[in-house]
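Colleague: Numbering of the sequence shown is given in this note's numbering, commencing with residue 202 and proceeding in unit increments. Each residue gets a CB set at the ideal place from its N, CA and C atoms; glycine is no exception. Here the structure is a predicted model, which means the values were calculated and not measured. The structure's right below; bear with me while I get my questions together.
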Amino acid sequence: MRLRPDEILSIKNTVEEILPGAKVYLFGSRVDDSKKGGDIDLLIVTNEKVDFKKQSKIDWILQQKLGEQKIDILYQIENEMTNFGWLALETGIKL
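The structure is reproduced here in structure tokens:
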């Protein structure tokens, strides 16, 4: 996994602060240690829909904490996951 320990902690703490109990997974190219570059792809699994205000707050805080990096976040409700959500979950790493 190509995230530093401080980046992982920042992601987990930010999500927990805004969405207590949510599960966070890293998926995509950052999971593969043999690759270089790439954006940070996160899957956030919750028990209910996440409103735009909370999504924006998480985006903004992560940009401040992680710096100028492309961060893509996929929000999924645990019992209503899409096929893409399942794929991200199966190939991802829980943070």
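Would you mind giving the Cβ-Cβ distance between residue 279 and residue 248, rounded to the nearest angstrom? I have them listed as a contact below 8 Å.
Modeller: Contact holds; Cβ gap of about 6 Å.
Colleague: Taking the continuous alpha helix (DSSP H) assigned at residue 263, which residues delimit it?
Modeller: Residue 263 -> alpha helix (DSSP H) spans 253-267.
Colleague: Out of 233, 243, 292, 256, which has the shortest C-alpha to C-alpha gap to residue 270?
Modeller: That would be 243, whose Cα lies nearest to the Cα of residue 270.
Colleague: Do the CB positions of residue 213 and residue 296 come within less than 7 Å of each other?
Modeller: For residue 213 and residue 296, yes; Cβs fall inside 7 Å.
Colleague: With the cut-off set at 7 Å, would you say residue 228 and residue 283 are in Cβ contact?
Modeller: Not in contact: residue 228 and residue 283 (Cβ atoms no closer than 7 Å).
Colleague: Who pairs with residue 270 in a beta bridge, going by DSSP?
Modeller: Note: residue 270 sits in no beta bridge, so no partner.
Colleague: Report the rounded CA-to-CA distance for residue 236 versus residue 203, giving the unit in angstroms.
Modeller: If you take the alpha carbons of residue 236 and residue 203, they lie about 9 Å apart.
Colleague: Please report the distance separating the alpha-carbon of residue 210 from that of residue 264.
Modeller: Computed Cα separation, rounded: 14 Å.
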